[in-house]
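Let me begin by presenting the structure, written as structure tokens, before commenting on it.
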Amino acid sequence: MQWYFVAALLTILTSSQGILTTLSQSNGGYKYDYATVPFLAEVFKLLVSSVLLWKECRASSSPRMTVEWKSIRLFPIPSVIYLIHNNVQFATLTYVDTSTYQIMGNMKIVTTAILFRMFLKKKLSNLQWIAIILLAVGTTTSQVKGCGEVICDSLFSAPIQGYMLGILSACLSALAGVYTEFLMKKNNDSLYWQNVQLYTFGAIFNMVKLLLDDFRGGFENGPWWQRLLNGYSITTWMVVLNLGTTGLLVSWLMKYADNIVKVYSTSMAMLLTMILSVYLFNFKPTVQLFLGIIICMVSLHMYFAPPSTLVDLPVTASVNDVSVDRTGS
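Taking mature numbering (1 follows the signal peptide of the UniProt record, and there is no 0), I'd label the letters of the sequence shown as residues -18 to -1, 1 to 311.
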């Protein structure tokens, strides 16, 4: 399977996630406990990975599986990072509004590239660095409605704590992605075995979070397992399956491609979501949206196109092409 096919599929599924989540609402709210969706998505990913690992074991003599504890103990770390990241998100939103947070979130594009270079020692060309910066500029441009509106005032009037937490959130998001890629590529273990470890701890951490939420609420609505599927509809299940499938595609990209491919996929998904919202939810397109799309497409071409197609190199004549006059005239 080619990485660009997986990246395109990830873009489509990621863009549909927000749309499906919106469609799963009823009268502007959720009839189900939305905190159970990530847990069920982790369980779905774990089941799929377990079945694929079982089939791989039957098809081949012995797929590579490292079972030493010193290796397994590394897999809870992404879940811990994401747990901290989620709490930082909530803290950030106490200082800035949703629009400002969304725009600040584009910093993770650049922070991912920086950590990608620092920790995974992946060299990026100057053109690729420019392309990544353009991607961040393009996604930000598409989200800005227009100067003179409230969003422009709120963007530059947030407390310093909001900006610091926003930067921390971007760094944590990038760190989780880069560390996951490190886990996937640190040895030649079966992808499905690595997924089983990753999603086992992911399900455990999500379950602990649900239990802690019950304690904070004094078990007012009963324990989480009793209301796990309350209010679930076909659309809600589509949200769960979409989120789970997206996670499986991301792990494939982390194993066989890299974080930058994932960053481009998710960024393009955001733009695709905004375009689809024009037709589905009467979202009004803006000039900034079209400018952002153009900038992101230029960035995509700059990053992945061969350098020879981007720069006109001077043509140097070879020795064989030079004619020598031997007549002495």
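Positions of the beta carbon are idealized from the N, C-alpha and C atoms, including for glycine.
Note that the structure is predicted; figures quoted are calculated from it, not measured.
Buried/exposed call for residue i, threshold 16 Cβ in 10 Å
i: residue 118; result: buried
i: residue 179; result: buried
i: residue 11; result: exposed
i: residue 211; result: exposed
i: residue 315; result: For the chain, the structure presents residues -18 to 311; residue 315 sits outside this window and is missing.
i: residue 174; result: buried
i: residue 256; result: buried
i: residue 203; result: exposed
i: residue -17; result: exposed
i: residue 33; result: exposed
i: residue 50; result: exposed
i: residue -13; result: buried
i: residue 310; result: Because the pLDDT of residue 310 is 46, which lies under 50, any placement of that residue in the model is unreliable, and the number read from its coordinates should be weighed accordingly. Classification for residue 310: exposed.
i: residue 188; result: buried
i: residue 291; result: exposed
i: residue 233; result: buried
Paired residues, beta bridge with residue i - DSSP
i: residue 11; result: 8
Proximity test, Cβ basis, 9 Å: residue i and chain D
i: residue 51; result: In the structure shown, chain D does not exist; there is a single protein chain.
C-beta contact flag for residue i and residue j at 9 Å
i: residue 94; j: residue 245; result: yes
i: residue 285; j: residue 102; result: no
i: residue 235; j: residue -6; result: no
i: residue 171; j: residue 46; result: yes
i: residue 157; j: residue 97; result: yes
i: residue 74; j: residue 144; result: yes
i: residue 18; j: residue 193; result: no
i: residue 182; j: residue 57; result: yes
i: residue 169; j: residue 82; result: no
i: residue 6; j: residue 258; result: no
i: residue 274; j: residue 120; result: yes
i: residue 199; j: residue 13; result: no
i: residue 68; j: residue 160; result: no
i: residue 177; j: residue 31; result: yes
i: residue 252; j: residue 124; result: yes
i: residue 185; j: residue 28; result: yes
Jot down the residue ranges of each uninterrupted alpha helix (DSSP H) in the region 137 to 178, minimum 4 residues, whole runs only, in chain order. Within the region 137 to 178, the complete alpha helix (DSSP H) runs of at least 4 residues are 142 to 167.
Quick one: any contact between the region 142 to 159 and the region 82 to 96, if contact means 3 or more CB pairs under 8 Å? Enough Cβ pairs lie closer than 8 Å, so yes.
When the Cβ atoms of the region 260 to 267 are set against those of the region 43 to 62, are three or more pairs found closer than 8 Å? Counting Cβ pairs under 8 Å, fewer than three are found: no touch.
Could you check whether the region 10 to 25 touches the region 214 to 227, counting it as contact only if at least three pairs of C-beta atoms, one from each stretch, sit closer than 8 Å? Short answer: they touch.
Going residue by residue through the region 69 to 94, where are the continuous alpha helix (DSSP H) segments of at least 4 residues, counting only ones entirely within it? Counting only runs of 4 or more, we get 80 to 86.
In the region 213 to 248, which residue ranges form an unbroken alpha helix (DSSP H) of at least 4 residues, counting only runs that do not cross its ends? Listed in chain order, the complete alpha helix (DSSP H) runs (minimum 4 residues) inside the region 213 to 248 are 216 to 238.
Taking contact to mean 3 or more Cβ pairs, one atom from each stretch, closer than 8 Å, check whether the region -16 to -8 and the region 237 to 251 are in contact. Because the criterion of three Cβ pairs below 8 Å is met, the region -16 to -8 and the region 237 to 251 touch.
What are the complete beta strand (DSSP E) segments, minimum 3 residues, inside the region 253 to 282? Within the region 253 to 282, complete beta strand (DSSP E) segments of at least 3 residues are not found at all.
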